[in-house]
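Working notes for the structure below.
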Amino acid sequence: MFRVLKKDSSSRARLGIIETPHGIIETPSFVVVGTHAKVRELSSQDLVRAKTQLIISNTYHMWQKLGDKGLRKYPGLHESMDWQRPLMTDSGGFQVFSLGFARELGGGKVAGKGLLQQENTPEENLVRITEEGVFFSVQDESATGGKREMFLDAKKSVWIQEKLGADIILAFDEPTSPLHDYKYNKEALVRTHRWEEESLKAKTTNQKMYGIVQGGLFEDLRNESARFVAGLDFDGFALGGSFGSSFGGKEKSFNEIDWMVPFLPEDKPRHLLGIGLVHDIFMGVSKGVDTFDCVVPTREGRHGHVYISNGRIDLTKGKYHRDETLLCPDCDCAVCTVITRGELYQLFRDKNPRAGYLASFHNIYFFNNLMAKIRQSIAEDKFEELKSKYVSL
RNA sequence: GCGGCGGUGGUAGAGUGGUCAAUUACAAGAGACUGUAAAUCUCUCGGCUUUAUGCCUACGUAGGUUCGAAUCCUACCCGCCGCA
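Take the first sequence: its letters are residues 6 to 398, numbered as in my numbering.
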């Protein structure tokens with residue numbers, strides 16, 4: 006399923022190819038997030054034009070949207086999305102965190118500035134975790150409008166992912182918050198490992214399944230988890246949970262990856278879950294990661310941020326009012342060759358949905374193109390050179 | 001000319017004796033966003049500074065009543081409507 010074509014001489018970066026029934030994925034690659042079987046704003050043709058190789062959709066959200074009945078007769082993501090290239094699905098594990106402790110404790114999964122400086126306003130934890138699985142509190146759509154609980158476990162997650170039919174599916178896991186202590190991480194890790202074994206057992210199709218390595222911000226737990234998960238019969242490995250991005254400065258960030266990768270087999274692909282700022286991608290690639298998924302290009306695009314070769318600009322700022330330079334002058338995407346910053350600024354001001362569409366399109370192109378540059382740089386033994394150019398920004 | 005109504009911060013528009021530098025919305029400014037309950041959220045938004053249960057100037061203009069007025073009274077100015 007996976008072939009390493011070339012290894013970088015001065016880092017763990019590698020050039021590879023993942024083979025799937027819907028075509029190959031050249032790695033390192035960016036994975037566009039299309040949670041609800043749709044990448045917000047963009048059509049599948051747009052995604053092809055933006056050089057997208059792989060899209061990740063979500064088990065939890067599709068389950069909520071379709072229900073068990075709907076899933077039974079679902080034609081599958083490829084048909085539903087009109088996307089004949091590779092697809093993967095997340096197991097719903099992330100929602101165990103994002104709807105649970107992420108709300109209750111505040112802050113995201115990446116430890117850093119936000120976690121330490123801004124006070125968190127706690128929101129209701131919508132998740133109840135048990136040893137067997139997870140109860141999600143959801144709004145009841147019936148007349149009463151009350152709340153009810155829906156149960157998701159490894160078996161159910163795999164069943165849903167089989168109905169969705171992605172090429173690559175993920176084991177069910179429980180990511181922890183960077184605020185969780187060692188004791189909790191250890192307990193959660195035991196649970197996750199058991200759920201992962203159950204995920205493998207539950208699988209009845211020939212879809213490829215990735216195991217997920219957890220362990221929070223703790224080196225020995227990351228080691229232990231990587232060893233354990235690497236010992237199971239997975240087709241690839243995903244690195245999940247919390248990361249300490251800015252502790253110890255940017256260069257030292259994402260140490261967690263170094264605590265896992267050495268224990269993972271060289272001949273299986275590695276996916277870094279939900280990480281994808283430009284800096285982080287370079288970190289990941291140099292540490293041996295093959296694929297990255299992240300909402301940043303689409304979400305930030307909708308919010309007015311556009312990635313350009315030397316950073317990021319905010320097109321909602323007044324200073325772009327009469328800016329006649331092209332969106333990203335050295336980008337050759339379908340948007341940047343036509344749209345000026347002033348025009349996009351105006352669309353954002355008018356709250357025209359086209360603004361988010363154009364920015365998302367460019368951002369996705371930007372990230373996919375960046376990955377292409379990274380692949381080329383590895384092929385030409387110039388990865389470190391490219392990395393230093395972007396990471397120093 | 002007479003009568004009625006109204007003039008509030010960048011705009012719209014609340015407030016009709018004290019808790020009002022003034023609800024709210026929009027505009028404006030700043031920030032956040034990393035396996036998407038996010039086309040979202042947070043903060044600022046009269047001036048000044050020691051950024052504070054601080055000082056000043058402010059609700060058309062000028063006076064007055066009152067311990068105290070954006071709020072009541074008087075005059076004037078301006079706008080809209082009706083009648084001449």
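Every residue, glycine too, gets a C-beta built ideally from N, C-alpha and C.
Close beta carbons around C338, own chain, < 6 Å, minus the five adjacent residues each side: H367, Y370
Cβ pair K160, A207 closer than 8 Å: yes
4-residue-minimum alpha helix (DSSP H) runs that sit fully inside the segment 278-350, ordered along the chain: 283-291, 301-307
Buried or exposed (CB count within 10 angstroms, at least 16 for buried), Y312: buried
Beta-carbon gap between V44 and L59 smaller than 8 Å: no
Between the CA atoms of V139 and Q166 - distance to the nearest angstrom: 17 Å
C-alpha distance - E179 paired with T330, whole-angstrom precision: 46 Å
R17, DSSP secondary structure in three states: coil
Residue nearest to D95 in terms of C-alpha spacing, selected from Q50, T40, E202: T40
Burial state of E203 (16 or more Cβ within 10 Å): buried
Unbroken alpha helix (DSSP H) run spanning A364, endpoints: 358-384
Cβ neighbour criterion (16 or more within 10 Å) applied to D172: buried
Contacts around I29, its chain only, beta-carbon distance under 6 Å, and the 5 residues preceding and following it disregarded: I22
Whole-Å CB distance - N190 paired with L237, under 8 Å assumed: Not confirmed; about 20 Å, so no contact.
C-alpha distance - D13 paired with A193, whole-angstrom precision: 35 Å
Simplified DSSP assignment, three categories, for T40: coil
Where A207 falls: helix, strand or coil (DSSP): helix
Beta-carbon separation (whole angstroms), A176 vs I217, contact threshold 8 Å: 5 Å
DSSP state of N130 mapped onto helix, strand, coil: coil
DSSP state of A55 mapped onto helix, strand, coil: coil
Identity of the residues DSSP links to D95 by a beta bridge: N63
Presumed contact (8 Å Cβ cut-off) between M288 and F268, rounded CB distance: Actually they do not touch by this definition, with Cβ atoms about 18 Å apart.
Simplified DSSP assignment, three categories, for E201: helix
Exposure of E229, with buried meaning 16 or more beta-carbon neighbours within 10 Å: buried
Spatial neighbours of T57 in its chain, beta-carbon cut-off 7 Å, leaving aside the 5 residues before and after: V37, I369, N373
Selected residue, minimal CA-CA separation from R232, among L205, Y362, H198: H198
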